Amino acid sequence: MNNIMFQGTASTVGKSILTAALCRILNDDGISVAPFKSQNMALNSFVTEDGNEMGRAQVVQAEAARIKPTVEMNPILLKPTSDVGSQVILNGKIFKNMCAKDYFGTKAGLKDHIVEAYNKLQSKYDVIVLEGAGSPAEINLRENDIVNMGMAEMVDAPVILIGDIDKGGVFASIYGTVMLLEPEERKRIKGYIINKFRGDEKILQPGIDMFYEKLQIPCLGVIPFEPLKIDDEDSVTERFDRKAEGDIIIGVLRLPYMSNFTDFTVFELEEGVSVRYIKENEDFEGIDLLVIPGSKNTLKDMEYIHNSSLKAGIYRAHRNDIPIIGICGGYQMLGETITDEKGVETVMNSINGLGLLEIKTEMEEIKQTTQITGNIMLEIPFAKKSCNLKVNGYEIHMGKTYLMGESTPLIKLQDNRLDGAINAKKNVFGTYLHGIFDNDELRKQILDNIRKKKGLDCNNNIDYAKLKDMEYDKLANLVRKHIDLEKIKDIIYNN
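Residue numbers (numbering that gives the first Met the number 0): 0 to 494.
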C-alpha cells in the first residue's frame, strides 16, 4: 500500500492543513492522491453529490487533490450535540445519537466499515494521505483506537508526527508523544515536522540536532507560520478571535453549537471585508450585515440567545435596519416557534424563536442531505438584481419549516420545492442553503449594496472557486519549500 499518515502532538497542530498541502503537492507532481480520515469530530460538514454527509476538512483536502469529495474519505463523522454526546454519521448517514461512553464501546465494531471505505479509495488512487485526530498519546483512548495508531496498524501506514512550535514546548511535546507510545508504534514514526514557526530557522537548528541525539527520528521540515484563507476543521479554529478591521464588517453570532461556519470563509477573501464572530452585546457595534449561522442543536442555541445579551443586540440591529440572514438552524431561529415533540435534538418540546420571520419549524427525525440548485424568486432590496439569480449549495437539516402571514418563499429549487422565507419589509431572510454566500453574483450584490451605502468602490469582483484554488497553491508552495519532499516520497513508496 502506498500511503502515509500525519499524526499530531495535539489538536490544532496542523494535521488537516498539511494533509491538504501534501495532497496538492503530490497531485502537482502527477500522482493520483486522495485524503482519508477514519473518524472526524466536527460541526462543519458537507453533502456530497450522492447525498452523503462528511467532514469539511476532507472536502478541503479533496479539493486540494483536485478530486471530488466522497464519503469514503471520512466514513465516521461525530457531530457534538452536548458536552458528552454526538450524532454519529456512518458512511454519510445517521447511525445514532450516542454518549461518549457508549460510542467508545462501539468503536471496535466499526473497523470493518473503516477498512472497506479505505480499500475503495486505495483501489482508485496511487497514494492515500491519512490524517489522525488529536494525539496518539491519549493513552486512555488507545483501546479500540480507530483513528491514530490503531488506524495506522489497520492499513500498515508509516507516520509523520506534527508539532506546533507556536504553542511552545514543541520538542517536549514530540518527545513526550513518542515515549508514551508502545515500542511497535514508535517504529511507525519515520520523522516529524515542526509547524507554525516564526523567526530564524538557524536558531532552531541546534535544537533539532540535539533532539536527534535523544530520539533518532529525523526532522522532515520546519513550516513557517503564514495565515491562509482556507476552511478550518472545527470549532477550535483561531478565526473566532480575530479582530474585524475591514471597511465592511459581517457579524456572525458565535453560538455554542454553531455548525458550518465555513459558510463565511468566502467573505474573508473579499478585499476590505472582515468577519466578526459576535459573543457580546457590544460586538454588534459597527456591523453592516448580521448572520445567524447553522446549529447542531437549534433549540439549545435558541435558549442561549434568549438568556444572553445577544437577543437585545439582534433586535437593536433589526431596528437600525441592518439586514439579517439566517442559515439553516439560524433560519429556524428567526421564526415564531421551534417544536421538537419527538426529541430529535433535546428534551425541550418547544421554544419561541426571535419572531423576525412569520414561520414555524417542526423538528423531524429524517435528515435532509442534498446538493441543490435554485433561483431566487424576487428582488431583495439589500441585494439588487437578485431576482431570478441562480444559486447552489447544500442542505443539512432535520426539520420542516412552514410559512405564515406575510412571509414569502425565497428560492425555487430545481426539484420544484420552495426554500427559505423573506419578511414583508424584505430586510430579513432565511434559507436552508449552506454555501449560499459562495455564489459570486449574490454575494457581490449584497456587498455592493453595503459599499454604496458607505461610499466605497463597487468594482470588486472575485471568483471564489479560483481564489480558493490559489490558496491551495500558496499552501503547497509554502510547504514544498520547507519539507524534505524526496524523503517523504521515499517513506510513501519504500516504507
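Ideal placement from N, C-alpha and C gives every residue a C-beta, glycine not left out. For clarity, every value in this text was computed on a predicted model and none was experimentally measured.
Burial state of residue i (16 or more Cβ within 10 Å)
i	result
Ala311	exposed
Ile224	Residue identity differs from the one stated: residue 224 is Phe in this sequence, not Ile. That one is exposed.
Ile145	buried
Val235	For Val235, the predicted structure reports a pLDDT of 49, less than 50, and the residue's modelled location is therefore unreliable. A value from the coordinates is still provided. Exposed, since its Cβ has fewer than 16 Cβ neighbours within 10 Å.
Gly398	buried
Arg275	buried
Thr264	buried
Arg318	exposed
Glu212	exposed
Cys22	buried
Ala323	A small fix is needed here, since residue 323 is Ile in this sequence, not Ala. Looking at its Cβ environment, which holds 16 or more other Cβ atoms inside 10 Å, Ile323 is buried.
Ala116	buried
Gly404	exposed
Beta strand (DSSP E) segment containing residue i, residue limits
i	result
His396	389–396
Ala33	32–35
Lys110	Careful: Lys110 lies outside any beta strand (DSSP E), inside the alpha helix (DSSP H) at 110–121.
Glu361	358–361
Lys411	410–412
Residue j beta carbon less than 8 Å from that of residue i
i	j	result
Met40	Leu77	yes
Leu17	Ile207	no
Ala33	Leu474	no
Ser134	Ala9	yes
Gly334	Thr368	no
Asn1	Ile490	no
Gly84	Met72	no
Phe103	Asn143	yes
Thr338	Lys299	no
Lys453	Asp246	yes
Glu269	Asn476	no
Lys383	Asn438	no
Met332	Ile304	yes
Gly131	Met4	yes
Leu129	Phe45	no
Pro79	Leu42	yes
Thr336	Gly352	yes
Asp125	Ile30	yes
Reduced DSSP secondary structure (H/G/I, E/B, other) of residue i
i	result
Cys386	coil
Ser15	helix
Asp418	strand
Ser234	Confidence at Ser234 is low in this model, with a pLDDT of 44, below 50, so the placement of that residue should be treated as unreliable; the coordinate-derived value is given next. It is coil, neither helix nor strand.
Asn493	helix
Ser134	coil
Ser81	coil
Gln60	helix
Tyr276	strand
Lys295	coil
Ile75	strand
Val265	helix
Cys98	strand
Gly342	coil
Met301	helix
Spatial neighbours of residue i in its chain, beta-carbon cut-off 8 Å, leaving aside the 5 residues before and after
i	result
Lys486	Gly190, Pro217, Leu219
His112	Pro74, Ile75, Leu89, Asn90
His481	Gly220, Val221, Ile222, Pro223
Gly271	Gly245, Asp246, Ile247, Leu455, Asn459
Beta-carbon contacts of residue i that lie in its chain and below 6 Å, excluding the five residues immediately before and after
i	result
Asn51	Val70, Gly91
Asn494	Pro157
Gly328	Gly293, Ser294, Thr297
Ser385	Ile375, Glu378, Ile379, Gln444
Arg197	Phe224
Gly250	Arg275, Ile277, Ile286, Leu289
Leu402	Ile358, Ala420
Asn26	Val32, Ala64, Arg65
Start and end residues, alpha helix (DSSP H) containing residue i
i	result
Tyr191	Segment 188–196 is the beta strand (DSSP E) holding Tyr191; no alpha helix (DSSP H) there.
Val427	Not the alpha helix (DSSP H): Val427 falls in the beta strand (DSSP E), residues 427–430.
Asn476	463–481
Glu381	In the sequence as displayed, the identity of residue 381 is Phe instead of Glu. From DSSP, Phe381 is part of no alpha helix (DSSP H); its letter is neither H nor E.
Ser401	Correcting the residue type first, residue 401 is Tyr in the shown sequence and not Ser. Segment 399–402 is the beta strand (DSSP E) holding Tyr401; no alpha helix (DSSP H) there.
Pro205	200–213
Ile449	439–452
Gln331	328–332
Val154	148–154
Any C-beta of chain C under 8 Å from that of residue i
i	result
Asn194	Chain labels in this structure do not include chain C; a single protein chain is all it has.
Nonlocal neighbours in the same chain, by C-beta distance under 7 Å from residue i, ignoring five residues either side
i	result
Lys119	Glu71
Lys106	Asn143, Ile145
Lys411	Gly373, Asn374, Met376, Leu417
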